[in-house]
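Asker:
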Amino acid sequence: MNELLNKTIVGGAGDILAPKETDIKDNLYLAINGAWQAKAVIPNDRPSTGGFYDLIKGVEETLIKDFHELVKDETKIDDSELLQAVKLYQVANDTEKLHKYHQSPIMNDLRKIAKLNNLEDLSDNFVDLLKNNFVLPLQLSVDMDMKNTVKNAVYLTGANLILPDQSYYADGNKSGQKLLEKYAQVANHLLAMVGYSLEDSQKIVKQALVFDKTLVPIVKTPEEWADDIKTYNPMDFAEFVTKSSSLDLKKLVVDSVGVAPQKVINREPRYLENFDKLVNADTFENVKSWMLVRFLFAKANDLDEEFRQTAGKYQLALRGTKELLSRDKFAYHVAERNLDQVVGSYYGKKYFGEKAKADVHQMVEKMIGVYEQRLSNNDWLSEDTKKKAVLKLKKMVLKIGYPDKVEAIFSKFKVDENASLYDNLAQINKIKNEDELSKINQPVDRDKWVMPGHMVNACYDPLRNDITFPAAILQAPFYSLQQTSSENFGGIGAVIAHEISHAFDNNGAQFDELGNINNWWKKEDYATFKKLTQKMIDEFNDIPYIGKKVDGTLIVSENIADVGGLRCALEAAKGETDYNAKEFFTNWARVWRSKSTKQLDEMLLALDVHAPDSLRANVQAQNMDEFYDAFDVTEKDGMWLDKDKRVNIW
């Protein structure tokens with residue numbers, strides 16, 4: 001186990017449990033960020049603050065200001081799709097008009113659920129409910145076939161829980177108990193707002209919670225979801241249609257996608273095997289109540305401010321925030337979330353540009369070159385496996401800044417300024433759902449961007465073997481011309497190499513250069529890789545954090561990417577004439593500065609496949625020999641980790 005974090009724990013919710021003056025030798029994260037963290041104030045409408053969050057806030061403020069200007073004079077908008085985003089922002093921000101609509105836009109949809117008298121009714125109406133974004137005990141989607149990525153396939157997913165994961169339902173979990181009580185309280189209030197009596201609402205909420213509880217032992221855990229390969233469970237369609245005596249599964253699929261596929265991909269085998277126990281004539285009323293309550297919660301924000309504030313009371317309790325986003329911010333996020341590529345393209349072109357895109361493209365190419373060199377010099381891979389790893393690297397597609405053009409679907413969105421926000425969003429969601437379901441017999445779009453240009457993030461997509469770096473993350477402290485090359489490599493360089501490393505983490509390593517699940521490894525090489533993966537699991541497993549313990553298995557893929565990214569970025573930094581290890585590790589720690597509410601820390605520890613930020617900064621630095629040399633760290637210091645415990649994979 002990592003010794004550092006048994007000595008000096010970085011507390012959740014911004015608590016500093018170490019002395020104010022901390023030496024890098026004892027705790028890198030606190031030495032760089034402790035003074036900031038002691039003074040940092042979490043905004044009332046956010047559950048956290050820090051490096052990533054400051055950039056998110058900056059992008060938000062910039063685009064809200066732009067939207068305000070564009071609303072004043074729509075003639076400045078020469079893009080018809082951006083005009084729809086601005087109109088949606090206007091509709092979402094018009095509280096006076098929305099108040100006049102109040103609950104009326106949702107009433108027809110609530111009546112659709114209320115009119116379901118039995119399972120036959122649910123089966124007959126299932127496709128209409130699916131396409132219109134209702135909450136259902138079974139969900140269908142269409143996506144790339146993970147074993148043949150030139151084709152699309154039908155995927156099946158079960159219901160999810162009301163609370164974040166199973167741990168919240170455990171006996172003795174006071175947070176979970178309080179959240180369920182708050183959920184029930186808010187649900188009763190929402191039902192009253194749409195006309196239900198107290199007696200009826202209490203019955204409906206009780207039934208909904210009963211069904212939710214039956215899901216707890218059946219749905220996947222976060223740890224199970226973290227294993228990509230285990231979400232791929234192909235099943236012959238003829239077998240699939242026999243899995244429910246309650247619903248007509250054949251009709252459900254054929255009417256949804258237009259054809260009878262040869263197979264479906266079952267993401268949750270345990271769920272489907274237990275489906276008849278969950279959804280049957282005896283449980284129907286509970287299922288119906290669950291659908292009603294979950295749908296009302298999901299759509300409350302789309303009504304007026306009174307509904308948003310009411311439903312938001314549960315979200316405030318869940319995340320530990322003091323107040324909801326202002327109406328301006330809420331309206332902006334409605335627009336950017338529903339027309340994400342449109343807003344991202346606008347942001348990228350205006351605030352990033354083609355020159356910066358070309359510069360970052362060169363940086364990524366350089367990191368790939370360093371990675372290729374490291375693969376070639378690897379001392380535990382056979383030549384055969386090395387060649388295939390390098391092939392995968394060379395076939396990797398780079399998506400930098402923002403796409404050259406947005407997807408055609410966005411041209412179908414037409415915002416009606418005289419209609420309610422609810423009706424506009426319902427229409428947009430239906431177009432999106434029907435478009436996705438229709439893709440079963442269409443060619444796969446490998447040019448699709450999974451992140452828009454205004455998102456402060458980056459990702460690797462194993463099915464497309466591509467890496468995406470949106471424009472918004474390419475700012476200080478990650479990247480700046482005012483920073484030294486070592487600082488930039490400790491920031492954006494490590495992020496870039498992190499995403500490249502995902503191609504070779506415990507999930508990505510099982511996909512080939514075309515994005516197909518395919519074992520391209522020599523048996524002996526993969527056995528060694530599994531041992532190194534286990535070593536990474538062990539390094540983080542059971543580290544104390546916020547009074548709980550880290551799950552090393554849940555976060556292993558991101559930790560493999562972190563250690564590979566940091567190693568590769570360090571090698572690239574060493575190739576520069578102004579290399580400075582202290583600057584490199586200092587900025588590495590700085591980009592992870594964060595301060596969160598206790599509630600968010602608890603939720604992320606249970607759900608997030610990333611390690612807590614302070615641990616990412618500290619533990620990965622401990623794995624680098626150069627860190628010890630740079631700061632003269634010895635066995636007497638808190639940051640010391642014995643050489644045989646240091647993990648380096650790529």
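By full-length UniProt numbering, the letter at position 459 of the sequence shown is numbered 459, and the numbering carries on one by one without gaps. Beta carbons are placed, not taken as given, at the ideal position from N, Cα and C, and that holds for glycine.
Which class does MET624 belong to by DSSP, given the choice of helix, strand or coil?
Answerer: Here residue 624 refers to the residue found at position 624 when the sequence shown is read from its first residue. MET624: coil per DSSP, three-state reduction.
Asker: Can you tell me which of PRO403, SER596, LEU163 puts its alpha carbon nearest to the alpha carbon of TYR314?
Answerer: In the sequence shown, counting from the first residue as 1, residue 314 sits at position 314. Comparing Cα positions, the closest option is LEU163.
Asker: In whole angstroms, give me the CA-to-CA distance for LYS7 and TYR29.
Answerer: Numbered from its first residue, the sequence shown carries residue 7 at position 7. Numbered from its first residue, the sequence shown carries residue 29 at position 29. Confidence is the limiting factor: at LYS7 the pLDDT is only 34, short of 50, which leaves the residue's position unreliable, though a coordinate-based value still follows. Going by the C-alpha atoms only, they are around 14 Å apart.
Asker: What do you get for ASP644, buried or exposed, if any count of 16 or more other CB atoms within 10 angstroms of its CB means buried?
Answerer: Along the sequence shown, one-based indexing puts residue 644 at 644. ASP644 counts as exposed, since fewer than 16 other beta carbons sit within 10 angstroms of its beta carbon.
Asker: Secondary structure at TYR28, three-state DSSP: helix, strand or coil?
Answerer: As a working note, residue 28 is residue 28 in the sequence shown. In the sequence on display, residue 28 carries Leu and not Tyr. If DSSP states are grouped into helix, strand and coil, LEU28 belongs with the helices.
Asker: Just to confirm, is the Cβ distance from VAL397 to ASN465 under 8 Å?
Answerer: Against the sequence shown, residue 397 aligns to sequence position 397. Against the sequence shown, residue 465 aligns to sequence position 465. Yes, they are a contact pair.
Asker: Do the stretch 316-326 and the stretch 41-52 meet, that is, are 3 or more Cβ pairs less than 8 Å apart?
Answerer: In short, these stretches touch, since the Cβ pair count reaches three.
Asker: Do ILE500 and MET367 have their C-beta atoms closer together than 8 Å?
Answerer: Translated into the one-based positions of the sequence shown, residue 500 becomes position 500. Translated into the one-based positions of the sequence shown, residue 367 becomes position 367. For ILE500 and MET367, yes; Cβs fall inside 8 Å.
Asker: What does the alpha-carbon distance come out to for the pair GLU635 and LEU641?
Answerer: Locating residue 635 in the sequence shown gives position 635, counting from the first residue. Locating residue 641 in the sequence shown gives position 641, counting from the first residue. Their Cα atoms are separated by approximately 8 Å.
Asker: Looking at C-beta atoms only, is the number of pairs between the stretch 331-340 and the stretch 90-105 that lie closer than 8 Å three or more?
Answerer: yes
Asker: Give every residue of the same chain whose Cβ lies closer than 7 Å to the Cβ of GLY348, excluding the five residues on either side of it in the sequence, and list them in chain order.
Answerer: Position 348 of the sequence shown holds residue 348. Only GLY401, TYR402, GLY453, ALA471 meet the Cβ criterion.
Asker: Determine which residues share a DSSP beta bridge with GLN139 and list them.
Answerer: Here residue 139 refers to the residue found at position 139 when the sequence shown is read from its first residue. The partner list for GLN139 (beta bridge, DSSP) reads THR157.
Asker: What span of residues does the beta strand (DSSP E) with LEU398 cover, start to end?
Answerer: As a first step, residue 398 must be located in the sequence shown, where it is residue number 398. 397-401 is the span of the beta strand (DSSP E), which, as asked, contains LEU398.
Asker: Take ASP302 and list the residues in its own chain whose beta-carbon comes closer than 7 Å to its own, dropping the five residues that flank it on each side.
Answerer: Here residue 302 corresponds to residue number 302 of the sequence shown, with the count starting at 1. Excluding positions up to five away in sequence, the list reads LEU421, TYR422, LEU425.
Asker: Run the CB neighbour count on GLY575, radius 10 Å, all protein chains shown included, and call it buried at 16 or more, exposed below.
Answerer: Numbered from 1 along the sequence shown, position 575 holds the residue referred to as residue 575. Exposed: under 16 other Cβ atoms inside 10 Å.
Asker: Which one or two residues does DSSP pair with PRO269 in a beta bridge?
Answerer: One-based indexing of the sequence shown puts residue 269 at position 269. In DSSP, PRO269 forms no bridge with anything.
Asker: Would you say LEU393 and ASP525 are within 8 Å of each other, going by their C-beta atoms?
Answerer: By 1-based counting over the sequence shown, the position of residue 393 is 393. By 1-based counting over the sequence shown, the position of residue 525 is 525. Their beta carbons are not under 8 Å apart, which means LEU393 does not touch ASP525 by this criterion.
Asker: Are the beta-carbon atoms belonging to LEU604 and LYS548 less than 8 Å from one another?
Answerer: Within the sequence shown, numbered from 1, the residue matching residue 604 stands at position 604. Within the sequence shown, numbered from 1, the residue matching residue 548 stands at position 548. In this structure, LYS548 does not lie closer than 8 Å to LEU604 by Cβ.
Asker: For ASP282, count neighbouring Cβ atoms within 10 angstroms of its own Cβ and tell me buried if that reaches 16, exposed if not.
Answerer: Position 282 of the sequence shown, counting from 1, holds the residue named residue 282. Result: exposed.
Asker: Assuming the contact rule is C-beta atoms closer than 8 Å, ASN433 and PRO462 should be a hit. Round their C-beta distance to whole Å, please.
Answerer: Counted from its first residue, the sequence shown places residue 433 at position 433. Counted from its first residue, the sequence shown places residue 462 at position 462. About 25 Å separates the two Cβ atoms, so there is no contact after all.
Asker: Since PHE67 sits in a beta bridge, which residues does DSSP pair it with?
Answerer: For the purposes of this step, residue 67 is taken as residue 67 along the sequence shown, with counting starting at 1. Answer is none; PHE67 lacks a bridge partner.
Asker: Once the 5 residues before and after ARG308 are set aside, which same chain residues still bring their CB inside 6 Å of it?
Answerer: Residue 308 sits at position 308 when you count from the first residue of the sequence shown. Counting only Cβ-Cβ distances below 6 Å, and skipping sequence neighbours, we find ASN301.
Asker: Can you have a look at SER594 and say buried or exposed, based on whether 16 or more other CB atoms are within 10 angstroms of its CB?
Answerer: Numbered from its first residue, the sequence shown carries residue 594 at position 594. By the 10 Å Cβ count, SER594 comes out buried.
Asker: So the alpha helix (DSSP H) LYS387 belongs to, where does it begin and stop?
Answerer: Numbered from 1 along the sequence shown, position 387 holds the residue referred to as residue 387. 383-394 is the extent of the alpha helix (DSSP H) around LYS387.
Asker: Taking 7 Å as the limit between beta carbons, can you name the residues of its chain near PRO105, skipping five residues before and five after?
Answerer: If you number the sequence shown from 1, residue 105 lands on position 105. Correct list, in chain order: LEU303, SER420, TYR422, ASP423.
Asker: Do the stretch 609-621 and the stretch 585-601 make contact, defined as three or more Cβ pairs closer than 8 Å?
Answerer: The stretch 609-621 vs the stretch 585-601: in contact.
Asker: Buried or exposed for VAL150, please, with buried defined as at least 16 other CB atoms from any protein chain shown within 10 angstroms of its CB.
Answerer: Along the sequence shown, read from residue 1 onward, the residue named residue 150 stands at position 150. It is exposed - the Cβ of VAL150 has fewer than 16 other Cβ atoms within 10 Å.
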